[in-house]
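Chemist: First residue of the sequence shown: 15, per the numbering used here; consecutive thereafter.
Don't be surprised by glycine CBs; every beta carbon is placed ideally from N, CA and C.
Please see the structure below; I have some questions.
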Amino acid sequence: MTSRIREVRMRGASFRRGQGLVEFALILPVLLLFMLGIMEFGRVLYIYTEVSNAAREALRAGAATIHRANDADRGKVTAAECNEILNRAYGTLALTPRSQVTITVEYLRPTSGGGSTSLGVCASDPAQIQLPTAVLALNDQVYVEVQSRVSAATPLMQPFLPGLTLRFAGMRSVVPISGIAMPKP
């Protein structure tokens, strides 16, 4: 009698082990998909931060690089400075390929009617480059727009993230070569 009870107990234990294995096999794909989604979200968040930093870096560089021009081009944005602005923005990117990022830097002069006129454009697309010919002055502004297309890293996540365009834009006043006059204390 005791051997019969022992045999039934043993059979029940092996069934429980098999049941746990089946439950694990059922939950594993869902668990892996969830973990892959978390990693993909982290990757997209990191790229979002990179593109934001690229826009800020281009704004800083665009507002300050004109001070390094030689005397003949003093106050104008040269091709070398345009490339420096773009390279400083691209320098902030680690995960985002350069081919998926578009950077446009535009210099604007405010008008009396509340609008602004474009002085020139410095862009990652060579067809759009039109360097400013006017000398930048007080109240001139630099406008930067950075766009990046983000897609899923794995084909498994493509249905959930078919494609996302991140766009950051900002504007900053250009500090003229003469600086900003401050009243004497």
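Around the Cβ of L152, are there at least 16 other Cβ atoms within 10 angstroms (buried) or fewer (exposed)?
Modeler: Locating residue 152 in the sequence shown gives position 138, counting from the first residue. That one is exposed.
Chemist: The alpha helix (DSSP H) with R102 in it runs from where to where?
Modeler: Position 88 of the sequence shown, counted from the start, is the residue given in the question as residue 102. That run of the alpha helix (DSSP H) goes A93 to Y104.
Chemist: Where do the N-terminal and C-terminal ends of the beta strand (DSSP E) with F182 fall, by residue?
Modeler: As a position in the sequence shown, residue 182 is number 168, starting the count at 1. That run of the beta strand (DSSP E) goes L178 to S187.
Chemist: Are there three or more Cβ pairs, one per stretch, closer than 8 Å when the stretch 39–51 is compared with the stretch 93–101?
Modeler: Touching, no.
Chemist: In angstroms, rounded to a whole number, what distance separates the CA positions of V188 and I61?
Modeler: The count along the sequence shown starts at 1 and reaches residue 188 at position 174. The count along the sequence shown starts at 1 and reaches residue 61 at position 47. C-alpha separation (whole angstroms): 28 Å.
Chemist: Our contact map puts R181 next to E159 with C-beta atoms below 8 Å; I'd like the distance itself, whole angstroms only.
Modeler: Position 167 of the sequence shown, counting from 1, holds the residue named residue 181. Position 145 of the sequence shown, counting from 1, holds the residue named residue 159. So it is a contact: roughly 7 Å between Cβ atoms.
Chemist: Check whether the Cβ atoms of T147 and L170 lie closer than 9 Å to each other.
Modeler: In the sequence shown, counting from the first residue as 1, residue 147 sits at position 133. In the sequence shown, counting from the first residue as 1, residue 170 sits at position 156. No. Outside cutoff.
Chemist: Note the first and the last residue of the continuous beta strand (DSSP E) segment covering G134.
Modeler: Counted from its first residue, the sequence shown places residue 134 at position 120. Counting along the chain, the beta strand (DSSP E) containing G134 begins and ends at S130 to A137.
Chemist: On the CB-based measure, 16 or more other CB atoms within 10 Å of its CB, does I41 come out buried or exposed?
Modeler: If you number the sequence shown from 1, residue 41 lands on position 27. Per the 10 Å Cβ criterion, exposed.
Chemist: What does a CB cutoff of less than 6 Å around L178 pick up in its chain, not counting 5 residues either side in sequence?
Modeler: Numbered from its first residue, the sequence shown carries residue 178 at position 164. Closer than 6 Å at Cβ, skipping near neighbours: V164.
Chemist: Do V149 and L73 have their CB atoms nearer than 9 Å?
Modeler: As a first step, residue 149 is located in the sequence shown; it is residue number 135 there, counting from the start. As a first step, residue 73 is located in the sequence shown; it is residue number 59 there, counting from the start. No; because the gap between Cβ atoms is not below 9 Å, this pair is not in contact.
Chemist: Among L59, V36, Q33 and G32, which has the Cα closest to the Cα of L175?
Modeler: Here residue 175 is taken as the residue at index 161 of the sequence shown, counted from 1. Ranking L59, V36, Q33 and G32 by Cα distance to L175 puts L59 first.
Chemist: Go through the stretch 33–64 residue by residue and report every complete run of the alpha helix (DSSP H) that reaches 4 residues or more, in order.
Modeler: Fully enclosed alpha helix (DSSP H) runs of 4 or longer: not present.
Chemist: Buried or exposed for V119, please, with buried defined as at least 16 other CB atoms from any protein chain shown within 10 angstroms of its CB.
Modeler: Counting from one through the sequence shown, the residue named residue 119 turns up at place 105. V119 comes out buried.
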